[in-house]
Amino acid sequence: MATIFGQISQEEAPRDNSKTLSFKTPSMKAPDSFYGTQTHRLRGFIQSCQLIFHNDPENFFSDRKKVLYSTSFLTGRAGKWIEPYLSNISNEDPSYLLNNWQLFETQLFTLSCDPNEVRKSEQELDNLRMKESGHVSLYIADFRSLMSRIRDWGERAYIHVYRRGLASRSLDQLASYPGNFDILQELMDITLELDTRYHERQKEKGSHQEKKPPVTGSKPSRLLKTHLQKGLTIRRIRRASNFMLQRTIPILLSSIRTIN
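Using full-length UniProt numbering, the first residue of the sequence shown is number 1, and each one after it goes up by one.
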């Protein structure tokens, strides 16, 4: 593999006079070797490569450079798989595996993954739904995790499945947003921003309700109860007084007649 990789560097350099193929990535750990087994190791390998590409875009500005760099870490079963492609390294056809990162990733995934695990992950992604009271950030994390376990469905398919799984309130928020989305990441960014605003507003409402005085409704306050009790006592005294007068006046009149 080292001899083949040396050949890659020698053949690549003459094609690009302005930028030479360089695999120096300061402060970034090189990917671990991948042997072509165990799906979770492949995910880690691909992610490590992508981090390096992102960290050093000047060197990894083409699919060919990305693929050739990644092949240097393939050993065992994966190394044997890539050897026939490396023997035809001069092929510059854009559809050739060494010149197409997406194809390279897909084929490597097919080589290494358990078909049953892939089908299970595809079904889980197809059935993934966001809870009405949930957060888009958690939905995106689950969605991305399942995406990493399956074959590439294509951008449009991912967008369709992602939208379908959103909570109804998120779809309502998205309906008022102008324009269509052709890139999944852009759609995720917008829904995440809208959801963040929604939950912030919910917190504001909760805080506002806590500061408001308690709603009394039909239940009287303590002060009102005191006034009502006083009023009730006065009415009782008046009734008692009237009753006593009604009983006392006839007796007094009778006594006066007797005296006369």
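All C-beta atoms, glycine included, are put in the ideal place defined by N, C-alpha and C.
Item, Value
"Determine whether the beta carbon atoms of L74 and F104 lie at a separation below 8 angstroms.", "no"
"Would you check if there are 3 or more beta carbon pairs closer than 8 angstroms linking the segment 61-81 to the segment 92-110?", "yes"
"Express the C-alpha separation of S87 and L138 in angstroms, rounding to a whole number.", "44 angstroms"
"Just to confirm, is the Cβ distance from S112 to G44 under 8 angstroms?", "no"
"Can you tell which of G154, G134, E204, L108 has its C-alpha closest to the C-alpha of L192?", "G134"
"Give the range of the alpha helix (DSSP H) segment to which Y96 is assigned.", "Note, Y96: premise wrong, no alpha helix (DSSP H); not H, not E."
"Can you name the start and end residues of the alpha helix (DSSP H) that T71 belongs to?", "63-71"
"Could you tell me the alpha carbon to alpha carbon distance between M28 and C49, rounded to whole angstroms?", "10 angstroms"
"Rank H40, Y69, R41, T39 by C-alpha distance to the C-alpha of F53 and give the top, closest one.", "Y69"
"Taking only the alpha-carbon atoms, compute the straight-line gap between F109 and L194 and give it to the nearest angstrom.", "34 angstroms"
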